[in-house]
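Here the structure is laid out as C-alpha cells; the discussion comes afterwards.
Residue numbers (the numbering used here), protein chains in the order written: chain E, 512 to 739; chain U, 34 to 380.
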C-alpha cells in the first residue's frame with residue numbers, strides 16, 4: 512500500500528515538473544518577428560522574445576503591445592478586427608470580418624514568411640497558428656496581396672535596432688512610413704480639448720433650451736395635465 | 034390656446050427621427066443630445082398616463098445596468114485594463130477593461146434613449162386616431178398593433194389593481210414571495226379581457242371572410258415582388274451600391290402601395306369613422322422639422338461617419354464633436370415649440 516502511494520506521489524511530481532518545465536528550458540528563449548502593414552502604407556516592425564517553445568500568433572500580436580481588437584469566432588478562435596486605429600467596428604467584424612460586398616474590401620489578412628522569404632497566406636487564424644523561434648508573421652490590411660517585398664527576421668531585428676543581448680519578455684518596436692522612413696508612433700487622440708469643450712457647451716445649450724421650453728409649457732398649463 | 038392633441042402621424046415621424054442617433058452609432062455627444070431632447074419632450078408633455086410607462090423606463094435602466102456588467106465581464110479587448118479575472122474561468126476569465134465599461138455605458142445610454150423616445154410616443158399617441166388615419170386596407174394590421182401595444186400597460190394596470198385590492202384585504206406586498214397570490218387573479222383578468230375583446234371585435238365584423246378572394250393571387254404576387262425588391266435594396270445598400278439600392282427601395286414602396294390598393298378593391302369591409310382626422314399647422318411643422326432632422330442626420334453620417342460612430346476599441350480616444358449634428362438633433366425639441374395641452378391617456 513505504501514509503495515503504491517509512493518509511486519503515485521512520484522508520478523504526480525514527475526508530471527508537475529514536466530508540465531512546468533525544467534529551469535534550464537527558460538534559457539532557450541524563442542524570438543519571432545511581426546510586421547503590421549496598414550492601409551496607408553505605414554508599417555510597424557516588432558521583435559518579441561518569449562520563454563516558451565512556441566506561442567500562438569494571437570499571443571505574439573498581444574505581446575507586441577499594439578492596440579488590438581478581436582472577436583470570438585467560436586471553435587475557429589479569435590478574429591482580428593483592428594490593429595491600432597486600422598480596422599472595423601466590433602459589429603462589422605462580428606457579422607462579416609470587416610468585409611463588405613466589394614470583393615476588394617480590405618480586412619486583416621494573415622501571412623507568414625515561407626521558404627525564400629516570400630509571404631504565404633495562412634489558412635488558419637491567429638489562434639490556431641503556432642509561432643516558433645525564428646518565424647515572422649505579417650498582418651496586412653488589404654483585400655488582395657501584401658505590398659511588402661520579400662522579408663526575413665534579420666531585417667526586422669535591424670529595423671527595430673534590437674540589441675544583441677535580448678532576454679525573455681523583451682519587445683522591440685519600430686514604425687516606418689510608406690516611403691520607408693522611420694516615424695514616431697501616430698497619436699491615438701483625434702480630438703482636441705477645445706472641441707470637447709465646444710461639444711459640452713452645445714449639450715448645455717440644448718439642455719437649457721429644453722428646460723426653458725418645459726417651464727413655458729408648465730407655466731401655461733400646470734405641471735401635470737389630465738384634461739383633454 | 035390650442036387644446037387639440039398632436040396628430041399620431043407627427044409623433045411617429047418624430048419618434049423615427051429621434052431613433053436614428055441611438056441606432057446609428059455610439060458617439061457620446063449626439064447620444065447625450067438625443068437623450069436630453071427625449072427627456073425634455075417627455076417632461077414638457079407629461080400626462081397622467083405616464084405612470085405605467087415610467088416603470089418601463091426604470092426597467093430599461095435595470096437592463097442597461099445589466100448590459101454594462103455583462104459587457105465588462107465578457108469582452109476583454111482594449112488598452113486600459115483595470116482588473117483581471119482568473120483565466121481559468123470560462124468566458125469571463127481575462128482582463129477587465131475600461132474600454133468595455135465605456136462601451137457598455139454608451140450602449141446602455143442608447144437603449145435608455147430609445148425606450149424614453151418610444152414610451153413617450155406610445156403614451157402621447159391616441160391609438161384610435163392612428164387607426165382612423167390608417168388606410169382601410171390596413172385596418173386589420175392597425176387594430177392588431179394597437180392591441181399589442183396596449184398589452185404591457187394593461188398588465189401593469191391590472192397588477193396595480195390586484196395589489197391595491199390585496200392590500201385592502203390586509204395582504205400588502207413586501208417582497209418577491211408575495212407575488213405568488215397575484216399570479217392567478219392576473220391570469221384570470223387577462224383571460225376575461227381577451228374574451229371581452231374578441232367578442233367586441235367579432236361583433237364589429239373584424240376578421241370576417243374575404244368577399245372576393247379571386248384577386249388574392251395579384252396581391253400575393255405584389256407582396257412577393259415587394260419583399261424581393263426590399264431584400265435586393267438592403268443587399269445593394271449594404272454593399273455600397275446605394276443608387277441601385279434606392280431604386281429597388283422605391284420599387285418596393287410602389288409595390289407595397291399597389292398591394293394596398295388591390296387589397297382595398299377586394300374587400301368590402303370598411304371601418305366605421307365618425308370624424309375625420311386632419312393635420313393642422315403644428316402637426317405639419319413637427320413632421321417637416323423631424324423629416325429635415327432625419328435627412329440631415331443621415332447626410333452628416335454619410336459625410337463624416339465619426340460624427341455619429343464611436344467605439345472605444347482598441348484604444349479610448351476622444352470622440353469627434355460635430356456641432357452641426359448637435360444643432361440638427363436640437364431641432365427635435367419641436368413638439369415643445371407650440372404650447373399645447375395633452376389629454377389623459379386613453380387606455
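Note that beta-carbon positions come from the ideal geometry of N, C-alpha and C, so glycine has one too.
The model shown is predicted, which means the values in this text are computed figures rather than measured ones.
Which class does residue i belong to by DSSP, given the choice of helix, strand or coil?
{"i": "residue 543 of chain E", "result": "strand"}
{"i": "residue 553 of chain E", "result": "coil"}
{"i": "residue 320 of chain U", "result": "helix"}
{"i": "residue 677 of chain E", "result": "coil"}
{"i": "residue 176 of chain U", "result": "helix"}
{"i": "residue 577 of chain E", "result": "coil"}
{"i": "residue 598 of chain E", "result": "strand"}
{"i": "residue 621 of chain E", "result": "strand"}
{"i": "residue 368 of chain U", "result": "helix"}
{"i": "residue 763 of chain E", "result": "Since the first residue of chain E shown is 512 and the last is 739, residue 763 of chain E is not available in this structure."}
{"i": "residue 199 of chain U", "result": "helix"}
{"i": "residue 610 of chain E", "result": "coil"}
Short check: CB of residue i to CB of residue j, under 8 angstroms?
{"i": "residue 660 of chain E", "j": "residue 589 of chain E", "result": "no"}
{"i": "residue 662 of chain E", "j": "residue 546 of chain E", "result": "yes"}
{"i": "residue 192 of chain U", "j": "residue 215 of chain U", "result": "yes"}
{"i": "residue 475 of chain E", "j": "residue 648 of chain E", "result": "It is not possible to answer for residue 475 of chain E, since the shown part of chain E is limited to 512 through 739."}
{"i": "residue 573 of chain E", "j": "residue 682 of chain E", "result": "no"}
{"i": "residue 544 of chain E", "j": "residue 635 of chain E", "result": "no"}
{"i": "residue 136 of chain U", "j": "residue 344 of chain U", "result": "yes"}
{"i": "residue 265 of chain U", "j": "residue 281 of chain U", "result": "yes"}
I'd like the list of long-range same chain contacts for residue i, defined as Cβ closer than 6 angstroms, with 5 residues on each side in sequence excluded.
{"i": "residue 109 of chain U", "result": "127, 128"}
{"i": "residue 131 of chain U", "result": "113, 115"}
{"i": "residue 535 of chain E", "result": "Because the pLDDT at residue 535 of chain E is just 38, under 50, the model does not fix this residue reliably, and the point stays unresolved."}
{"i": "residue 154 of chain U", "result": "44, 48"}
{"i": "residue 340 of chain U", "result": "333, 353, 355, 358"}
With 8 angstroms set as the bound, which would you pick, yes or no: does the beta-carbon of residue i sit closer than that to a beta-carbon of chain E?
{"i": "residue 231 of chain U", "result": "no"}
{"i": "residue 369 of chain U", "result": "yes"}
{"i": "residue 359 of chain U", "result": "yes"}
{"i": "residue 354 of chain U", "result": "yes"}
{"i": "residue 366 of chain U", "result": "yes"}
{"i": "residue 41 of chain U", "result": "no"}
{"i": "residue 128 of chain U", "result": "no"}
{"i": "residue 186 of chain U", "result": "no"}
{"i": "residue 272 of chain U", "result": "yes"}
{"i": "residue 326 of chain U", "result": "no"}
{"i": "residue 347 of chain U", "result": "yes"}
{"i": "residue 278 of chain U", "result": "no"}
{"i": "residue 141 of chain U", "result": "no"}
{"i": "residue 77 of chain U", "result": "yes"}
Cutting at 7 angstroms between CB atoms, please list the residues of its own chain near residue i, excluding the five before and the five after it.
{"i": "residue 365 of chain U", "result": "47, 50, 51, 70, 323, 326"}
{"i": "residue 64 of chain U", "result": "54, 55, 139, 142, 143, 146"}
{"i": "residue 608 of chain E", "result": "590, 618"}
{"i": "residue 329 of chain U", "result": "361"}
{"i": "residue 195 of chain U", "result": "215, 218, 219"}
{"i": "residue 347 of chain U", "result": "110, 111, 112"}
{"i": "residue 93 of chain U", "result": "144, 145, 148"}
Can you check whether the C-beta of residue i is within less than 8 angstroms of a C-beta belonging to chain U?
{"i": "residue 610 of chain E", "result": "no"}
{"i": "residue 657 of chain E", "result": "no"}
{"i": "residue 725 of chain E", "result": "yes"}
{"i": "residue 633 of chain E", "result": "no"}
{"i": "residue 621 of chain E", "result": "no"}
{"i": "residue 720 of chain E", "result": "yes"}
{"i": "residue 728 of chain E", "result": "yes"}
{"i": "residue 613 of chain E", "result": "yes"}
{"i": "residue 554 of chain E", "result": "no"}
{"i": "residue 707 of chain E", "result": "yes"}
{"i": "residue 668 of chain E", "result": "no"}
{"i": "residue 627 of chain E", "result": "no"}
{"i": "residue 535 of chain E", "result": "Interpretation of residue 535 of chain E is limited by its pLDDT of 38, a score under 50 that renders its predicted location unreliable; the figure taken from the coordinates is listed afterwards. Not an interface residue."}
Could you spell out the range, first to last residue, of the alpha helix (DSSP H) harbouring residue i?
{"i": "residue 604 of chain E", "result": "601-607"}
{"i": "residue 274 of chain U", "result": "Counting along the chain, residue 274 of chain U falls outside any alpha helix (DSSP H), and DSSP gives it neither H nor E."}
{"i": "residue 161 of chain U", "result": "160-166"}
{"i": "residue 118 of chain U", "result": "Premise fails: residue 118 of chain U lies in the beta strand (DSSP E), 114-118, not in any alpha helix (DSSP H)."}
How is the beta strand (DSSP E) around residue i delimited, first residue to last?
{"i": "residue 683 of chain E", "result": "682-687"}
{"i": "residue 648 of chain E", "result": "647-653"}
{"i": "residue 631 of chain E", "result": "630-632"}
{"i": "residue 786 of chain E", "result": "Nothing can be reported for residue 786 of chain E: it is not among the residues displayed for chain E, which extend from 512 to 739."}
{"i": "residue 565 of chain E", "result": "565-567"}
Less than 8 angstroms between C-beta atoms, sequence neighbours within five positions excluded: which residues of the same chain meet that for residue i?
{"i": "residue 694 of chain E", "result": "553, 686, 687, 688"}
{"i": "residue 529 of chain E", "result": "At residue 529 of chain E the pLDDT is 47, less than 50, meaning the model places this residue with poor confidence and gives no usable figure here."}
{"i": "residue 90 of chain U", "result": "145, 148, 149, 152"}
{"i": "residue 104 of chain U", "result": "133, 134, 136, 137, 140"}
{"i": "residue 117 of chain U", "result": "127, 128, 129"}
Tell me, please, whether the CB atom of residue i is closer than 8 angstroms to any CB atom in chain B?
{"i": "residue 653 of chain E", "result": "Looking for chain B here will not work: the only protein chains present are E and U."}
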